[in-house]
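S.K.: Below is one structure. I have some questions about it.
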Amino acid sequence: MKKYIIKNAKGWDHPTLRALMEASYTLKIEAWGVCGLFYRPFLNNVFGPPQIGSDADVACKNVEDAAKLYDWLKIHHGWRRWAVKSIERKFPFGNQPITLRLGAVRMLNIYGDLEVVVDSTQVLDNLQKGIITFNEKSRSSYRSFGECISAVVGRANKLINEYPNLQLGRELLINAYTREFGEHTPVPYVVPGRVTVSKPAKTPTWSGLNADEIPLAMEVVKHDRNAVRQPSAVLPVSPAKLPIVLQAQADRKVYAKVKGINKAPITVIDPPEGFESWLHWMCYEAKDSMFREWLLNQTRSRKPFGGKDSYLASVLDYSIYQNMSLKYKGQQKANHCGWLLAQHNVAATLSLQTDSTFSLLRKDNVAYAKQVRAGLRLGVLHHDIGKLMSINRSGAHSGASVKMWRDTLPTWVDAETDHITRFVIMGHDFFGRLARGITEKPKMSLYASNFNPNAQPSYDGAVCPGHIVKVIRQHGIKGKEELSLKLLRLTWEADANSVQSLRWAVTVAPLCEKIVRLRLVNS
-5 MKKYIIKNAK
5 GWDHPTLRAL
15 MEASYTLKIE
25 AWGVCGLFYR
35 PFLNNVFGPP
45 QIGSDADVAC
55 KNVEDAAKLY
65 DWLKIHHGWR
75 RWAVKSIERK
85 FPFGNQPITL
95 RLGAVRMLNI
105 YGDLEVVVDS
115 TQVLDNLQKG
125 IITFNEKSRS
135 SYRSFGECIS
145 AVVGRANKLI
155 NEYPNLQLGR
165 ELLINAYTRE
175 FGEHTPVPYV
185 VPGRVTVSKP
195 AKTPTWSGLN
205 ADEIPLAMEV
215 VKHDRNAVRQ
225 PSAVLPVSPA
235 KLPIVLQAQA
245 DRKVYAKVKG
255 INKAPITVID
265 PPEGFESWLH
275 WMCYEAKDSM
285 FREWLLNQTR
295 SRKPFGGKDS
305 YLASVLDYSI
315 YQNMSLKYKG
325 QQKANHCGWL
335 LAQHNVAATL
345 SLQTDSTFSL
355 LRKDNVAYAK
365 QVRAGLRLGV
375 LHHDIGKLMS
385 INRSGAHSGA
395 SVKMWRDTLP
405 TWVDAETDHI
415 TRFVIMGHDF
425 FGRLARGITE
435 KPKMSLYASN
445 FNPNAQPSYD
455 GAVCPGHIVK
465 VIRQHGIKGK
475 EELSLKLLRL
485 TWEADANSVQ
495 SLRWAVTVAP
505 LCEKIVRLRL
515 VNS
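Note that the numbering used here gives residue 506 to position 512 of the sequence shown, counting from 1, and the numbers run on in steps of one.
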């Protein structure tokens, strides 16, 4: 075992490690950050986009310490999802089956100095080279070598999904992974600049700005001039309660894990009466926090509470589209940093904000407010599925996404929800395309004092305020133009928030909304 002290450490999850240090000192319990708290600083921005894990994994020496620590952290630092475990053997990181996880970290003082412990120098070598291989010493923790390899392959797949530039080590692991998930070719991680488009949109949609819109357009230009474009980590989802019947399962699982007893079996639980699935219920009934908790569990757990939702799973593994002529297998442009389509769609849906809009609408019509909320969630979940057919043509994938949604429409989606979903999919990227239309001009520097935001854009996918207004009036919610505009903003914010390299642009949304509102009012 090797120990290292890192002074003024950068790149680590300091808020979480500081909370863990506070708990350790208060309870006089030795506790370490493990798994993602340990390996992510090595992988972020090197082998994939920077991110903070959904769970903060913590290791203690025994069951009693784990239970005390979990309860304390939940009360005093409930903003984080804590996963506390007891590891009496090979403390503090246990018999992890993957070498990348054979390390632990803890904060030593208020200055941010860290103590890092690794099993061997091979762990650091694998982290620095981005190699996933299995820990031979962990074989004794499994009933068979086959079970050990299965665990390694499952964890390796999760790591590769998040950090596409990682590579598999040892022929045995490569063969086992290929049998289950297909071949893996590391995708080099490059912080992207502007993405060039090889094919133009079918119909140019830029017809210019009006005189009263140009001052706002110049604010968009200033935003781009001053923005810091470095990728930033996806923020973790805060813990929340599930519906009572599912929460009972969750509580039993956490209790069993912390207390070190046998876990209660996870069984399939039917959704409430009148709903065909838990996705159906969640889309219409759940607040954002509950919806995110459920979606995170569905997409991160091998045994989701209540059972795996078959429709959601088929959308995310693309099997529901298997009878269509798909050209791609989830690849995306460089600005997605190697993340596949399904990961992005989930991340965008987790970023979506619906609570405030629902609260306003429910004052007049609760049933309609639920339809709007469901349409938003389903729209963002499906907003980019058209990229299975078209990637390189600017703006073309939205139309393909609408068609693919209609061809696979769940039976439980009513007509109004379907209409809202189609509108959300159709216009999900309008704000980004408007902003790029304003700022990207041929042979014209963005930083020039005489920059003209009204010139014809160099970006082929640009849309102008007039086009957006036309779509709102033809395909938006009849008689509710302001609400339609709001849905476009919420959708684009969720989309951009979920892409690390684009998060800098989210704050331009209010300006784009004002520009389109001006055109709505004046036309």
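Glycine included, every Cβ here is placed at the ideal spot set by N, Cα and C.
(1) How is Tyr(-2) classed by DSSP in three states: helix, strand or coil?
(2) Measure the Cβ-Cβ separation of Ala170 and Pro447 and say whether it is below 7 Å.
(3) Taking the straight line between their C-alpha atoms, what separation do you get for Pro44 and Asn38?
(4) Who are the near neighbours of Tyr64 in its chain, counting only those whose CB is closer than 7 Å to its CB and skipping five residues on each side?
(5) Cβ atoms of Asp303 and Trp272: under 7 Å apart, would you say?
(6) Return the residue from the list Lys152, Leu403, Trp486, Glu410 that minimises the CA-CA distance to Cys29.
(7) Would you mind sorting Gly473 into buried or exposed? The rule is 16 or more other CB atoms within 10 Å of its CB.
(8) Between Phe352 and the rest of its own chain, which residues show a CB-CB distance below 6 Å, the 5 nearest in sequence each way excluded?
(9) Should Met101 and Arg173 be called a contact, given that it needs their Cβ atoms to be closer than 7 Å?
(10) Alpha helix (DSSP H) containing Asp119: first to last residue?
(11) Under 7 Å, do Phe41 and Leu160 count as touching if we go by C-beta distance?
(12) Expressed to the nearest angstrom, what Euclidean distance is found between the alpha-carbon atoms of Lys196 and Ala390?
(13) From the DSSP secondary-structure annotation, give me the bridge partner or partners of Met420.
(14) Out of Leu166, His413, Asn155, which one is the CA nearest neighbour of Cys142?
(15) Quick one: is Leu403 buried, meaning 16 or more other Cβ sit within 10 Å of its Cβ, or exposed?
(16) Which residue spans inside the region 480 to 506 form an unbroken beta strand (DSSP E) run of at least 3?
(17) Taking the CB atoms as reference points, tell me whether Pro86 and Ala60 lie closer together than 7 Å.
(18) Mark Met15 as exposed unless 16 or more other C-beta atoms lie within 10 angstroms of its C-beta, in which case mark it buried.
(19) Can you round the beta-carbon distance between Phe425 and Ala503 to whole angstroms, since I take them to be within the 8 Å contact cut?
(20) With DSSP as the reference, identify every bridge partner of Asn38, one or two as the case may be.
(21) Let's see if you can read the secondary structure: which residues bound the alpha helix (DSSP H) around Glu521?
(22) Leaving aside the five residues before and after Thr190 along the sequence, list all residues of the same chain whose C-beta is less than 6 Å from its C-beta, in chain order.
(23) Taking 7 Å as the threshold (C-beta atoms), are Lys62 and Leu21 in contact?
(24) Quick one: Cα of Ser192 to Cα of Gln325, how far?
(25) Is there contact between the region 475 to 486 and the region 214 to 226, where contact requires at least three CB pairs shorter than 8 Å?
(26) What's the call for Tyr(-2), buried or exposed, on a 16-neighbour Cβ count within 10 Å?
(27) Under 7 Å, do Leu375 and Thr343 count as touching if we go by C-beta distance?
(28) How big is the Cα-Cα spacing for Leu477 and Gln90?
(29) Report yes if the CB atom of Leu162 is closer than 7 Å to the CB atom of Ile208, and no otherwise.
(30) Over the uninterrupted alpha helix (DSSP H) stretch that includes Cys142, give me the two end residues.
(31) Short of 7 Å in beta carbon distance, which residues of its chain neighbour Pro265, apart from the five on each side in sequence? Order them along the chain.
(32) Would you call the CB atoms of Cys277 and Ser495 closer than 7 Å?
(33) What's the call for Val564, buried or exposed, on a 16-neighbour Cβ count within 10 Å?
(34) Could you say which of Trp66, His71, Gly106, Asp51 lies nearest to Leu96 if we only look at CA atoms?
(35) Taking the continuous alpha helix (DSSP H) assigned at Val112, which residues delimit it?
(36) Taking C-beta to C-beta, are Cys458 and Trp200 nearer than 7 Å?
M.R.: In this structure, then:
(1) What you label residue -2 is simply residue 4 of the sequence shown in a count that begins at 1. It is a strand residue.
(2) Here residue 170 refers to the residue found at position 176 of the sequence shown. Here residue 447 refers to the residue found at position 453 of the sequence shown. No. Outside cutoff.
(3) What you label residue 44 is simply residue 50 of the sequence shown in a count that begins at 1. What you label residue 38 is simply residue 44 of the sequence shown in a count that begins at 1. Near 4 Å, if we compare the C-alpha coordinates of Asn38 and Pro44.
(4) Counted from its first residue, the sequence shown places residue 64 at position 70. Trp76, Val78, Val252, listed in sequence order.
(5) Here the question's residue 272 lines up with position 278 in the sequence shown. Here the question's residue 303 lines up with position 309 in the sequence shown. Asp303 is positioned such that its CB atom lies closer than 7 Å to that of Trp272.
(6) Walking along the sequence shown from the start, residue 29 turns up at place 35. Looking at the Cα atoms, Lys152 is the closest of the given residues.
(7) Counted from its first residue, the sequence shown places residue 473 at position 479. Exposed, because fewer than 16 other Cβ atoms sit within 10 Å of the Cβ of Gly473.
(8) By 1-based counting over the sequence shown, the position of residue 352 is 358. Closer than 6 Å at the Cβ level, and outside the excluded window around Phe352, lie Ala363, Arg367.
(9) Counted from its first residue, the sequence shown places residue 101 at position 107. Counted from its first residue, the sequence shown places residue 173 at position 179. No, the pair does not count as a contact, with Cβ atoms beyond the cut-off.
(10) On the sequence shown, position 125 is the one that residue 119 refers to. Start and end: 115 to 123.
(11) In the sequence shown, counting from the first residue as 1, residue 41 sits at position 47. In the sequence shown, counting from the first residue as 1, residue 160 sits at position 166. Against a cut-off of 7 Å, the Cβ pair of Leu160 and Phe41 comes out as a contact.
(12) As a first step, residue 196 is located in the sequence shown; it is residue number 202 there, counting from the start. As a first step, residue 390 is located in the sequence shown; it is residue number 396 there, counting from the start. Note on Lys196: pLDDT 49, under 50, position unreliable in the model; the coordinate value appears next. When the Cα atoms are used, Lys196 and Ala390 turn out to be separated by approximately 8 Å.
(13) As a position in the sequence shown, residue 420 is number 426, starting the count at 1. Answer is none; Met420 lacks a bridge partner.
(14) Along the sequence shown, read from residue 1 onward, the residue named residue 142 stands at position 148. Measuring from the Cα of Cys142, the nearest candidate turns out to be Leu166.
(15) Working through the sequence shown from its first residue, we reach residue 403 at position 409. Around the Cβ of Leu403, a 10 Å sphere holds fewer than 16 other Cβ atoms; the residue is exposed.
(16) When DSSP assignments are scanned along the region 480 to 506, no uninterrupted stretch of beta strand (DSSP E) that is 3 or more residues long falls wholly within it.
(17) Taking the first residue of the sequence shown as 1, we reach residue 86 at position 92. Taking the first residue of the sequence shown as 1, we reach residue 60 at position 66. Cβ distance not < 7 Å, so Pro86 and Ala60 don't count as in contact.
(18) For the purposes of this step, residue 15 is taken as the residue at position 21 of the sequence shown. Around the C-beta of Met15, 16 or more other C-beta atoms lie within 10 Å, and the residue is accordingly described as buried.
(19) Along the sequence shown, one-based indexing puts residue 425 at 431. Along the sequence shown, one-based indexing puts residue 503 at 509. Right, their Cβ atoms sit about 6 Å apart.
(20) In the sequence shown, counting from the first residue as 1, residue 38 sits at position 44. In DSSP, Asn38 forms a bridge with Gly42.
(21) What the structure shows of the chain is the stretch from -5 to 517, and residue 521 is not part of that stretch, so it cannot be assessed.
(22) Taking the sequence shown and counting its residues from 1, one reaches residue 190 at position 196. Confidence in Thr190 is poor, its pLDDT being 46 and thus under 50, which makes the residue's placement unreliable; the coordinate value appears in the next sentence. Nothing meets the Cβ criterion.
(23) Here residue 21 corresponds to residue number 27 of the sequence shown, with the count starting at 1. Here residue 62 corresponds to residue number 68 of the sequence shown, with the count starting at 1. Yes, these two residues count as a Cβ contact at 7 Å.
(24) Position 198 of the sequence shown holds residue 192. Position 331 of the sequence shown holds residue 325. Annotation note: pLDDT 44 at Ser192 (below 50); position unreliable, coordinate value reported separately. Each residue's Cα considered, the two are about 16 Å apart.
(25) The answer is no - the region 214 to 226 does not touch the region 475 to 486, with fewer than three Cβ pairs under 8 Å.
(26) Against the sequence shown, residue -2 aligns to sequence position 4. Per the 10 Å Cβ criterion, exposed.
(27) Working through the sequence shown from its first residue, we reach residue 375 at position 381. Working through the sequence shown from its first residue, we reach residue 343 at position 349. The criterion of a C-beta distance shorter than 7 Å is satisfied by Leu375 and Thr343.
(28) Along the sequence shown, one-based indexing puts residue 477 at 483. Along the sequence shown, one-based indexing puts residue 90 at 96. Going by the C-alpha atoms only, they are around 50 Å apart.
(29) Along the sequence shown, read from residue 1 onward, the residue named residue 162 stands at position 168. Along the sequence shown, read from residue 1 onward, the residue named residue 208 stands at position 214. Here Leu162 is not near Ile208, since their CB atoms are 7 Å or more apart.
(30) Translated into the one-based positions of the sequence shown, residue 142 becomes position 148. Element bounds for Cys142: 139 to 156.
(31) Taking the first residue of the sequence shown as position 1, residue 265 is located at position 271. Excluding sequence neighbours, Pro265 sits near Ser271, Trp272, His274, Trp275.
(32) Here the question's residue 277 lines up with position 283 in the sequence shown. Here the question's residue 495 lines up with position 501 in the sequence shown. Contact: no.
(33) The shown model of the chain, from -5 to 517, leaves out residue 564, and the question about it has no answer.
(34) One-based indexing of the sequence shown puts residue 96 at position 102. Nearest neighbour of Leu96 by Cα position, chosen from Trp66, His71, Gly106, Asp51, turns out to be Asp51.
(35) The residue you call residue 112 lines up with position 118 of the sequence shown. According to the DSSP assignment, Val112 belongs to no alpha helix (DSSP H) but to the beta strand (DSSP E) extending over 108 to 112.
(36) Numbered from its first residue, the sequence shown carries residue 458 at position 464. Numbered from its first residue, the sequence shown carries residue 200 at position 206. Yes.
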